[in-house]
Structures are given as structure tokens and as C-alpha cells.
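This report refers to the structure that appears directly beneath it.
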Amino acid sequence: MGTPDFIREIRATAGHQLLLLPGVSVVVFDDQGRVLLGRRADTGGWSVIGGIPEPGEQPADTAVREVYEETAVRCEAERIVLVQAMRKPVTYPNGDVCQFMDITIRCRAVGGTARVNDEESLEVGWFSVDALPELEEYAVFRIKQALGDEPTWFEPVTSL
87 MGTPDFIREI RATAGHQLLL LPGVSVVVFD DQGRVLLGRR ADTGGWSVIG
137 GIPEPGEQPA DTAVREVYEE TAVRCEAERI VLVQAMRKPV TYPNGDVCQF
187 MDITIRCRAV GGTARVNDEE SLEVGWFSVD ALPELEEYAV FRIKQALGDE
237 PTWFEPVTSL
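Going by the numbering used here, the sequence shown opens with residue 87, and the numbers climb by one from there.
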């Protein structure tokens, strides 16, 4: 789907200035313990699946929707892995600047066959967690956090 329509409408008046946006990252495991990754069309790099919630959409619904839209895999949300404000803004090729408040959700695949299902991905596939392609540090951290059953991870408090 790319940029949601409501973000396009905001950008029409806000221009390229920094927007703080919610984001949902999804770590999907299959029955063999492999993780689902997509190679992003915008950066060419591999990453966990993710996207922006629609207004009023619950984070778990966003996770399930984004995984299906991008990979044709059906999944069920299991738990929130972490909540984290990304430290650095992202500047997209068109000049738009965003900073995301990420909610990472662990999901379990329940159907479908992994394939490129929209224009956001160049490739998608299942990877053993000990044979991952090159990933950004944040994606590796989210996968590691999703492997365990610890409580939701939060960035340590740095000020009062």
C-alpha cells in the first residue's frame, strides 16, 4: 500500500517537516521457528515486516494486515515484544521526514505462502534465526526480543 492516504493528506499541508508517527513492526515465526522477512523496495535491505496503523486501527490488527498485504502470509498476534521511540528520524527519498514510536508484535503464521504481495517488497522469505541476511541493528534486536517470553521491553528511563 505504501504511504497511507491520511499521511498524504497531512503532507499536503505539512510538507516534508518531521512527523512523529506510530509504527508497528512484526516478527512472524512459522512452525519451524523461522522468521519472515521482506527486502524493502525503498531501501533494498532486508527487514521485519512493518507499517503505520490506520486511524482507529488497533496495533495487533495493523500487524496482521501489514503481514498479509506485504507477504500473503496469514498470522495471529501473540504478544507485544517492545515499545520504543526510534532515536533518529528517517528521511525518505522524497524528502519526507518521520520519527516512529514503534510497537513490535510477535506473531505466529497460520496460513498462506510467502510471496511478494505488494509494491513495498522486492523479495520475501523465511529465514532461520541463526542464518539471517544482513539486517539493521534494530531489526536484529526485535527478533532477539521476540524469541523469548520475557515481559514487554521498554527503553530504560533516562530522566524524570
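From the three backbone atoms N, C-alpha and C, an ideal C-beta is built for every residue, glycine too.
Cβ atoms of I191 and V121 stay farther apart than 8 Å, at about 13 Å. When H102, G109, K174, L123 are compared, the shortest CA-CA separation from T199 is found for L123. Within the same chain, Cβ atoms closer than 7 Å to the Cβ of G136 are found at G109, V110, S111, V112, E152, the five residues on either side in sequence being excluded. Residue state for A200 is assigned as coil, using DSSP reduced to three classes. As computed with DSSP, M172 is found in no beta bridge at all. Here DSSP, grouped into helix, strand and coil, assigns V159 to coil. Just measuring C-alpha positions, the residue of M172, A163, D188, V176 sitting nearest V196 is A163. Going by DSSP, R97 is part of the alpha helix (DSSP H) stretching over 91 to 100.
Inclusion of Q144 and E241 in the CB contact set at 8 Å is not warranted, their separation being larger than that value. Here the alpha carbons of A225 and I166 stand approximately 15 Å from one another. Counting other Cβ atoms within 10 Å of its Cβ, V134 reaches 16 or more and is therefore classed as buried.
Per DSSP, L233 lies in no beta strand (DSSP E) segment; the continuous alpha helix (DSSP H) that holds it begins and ends at 223 to 233.
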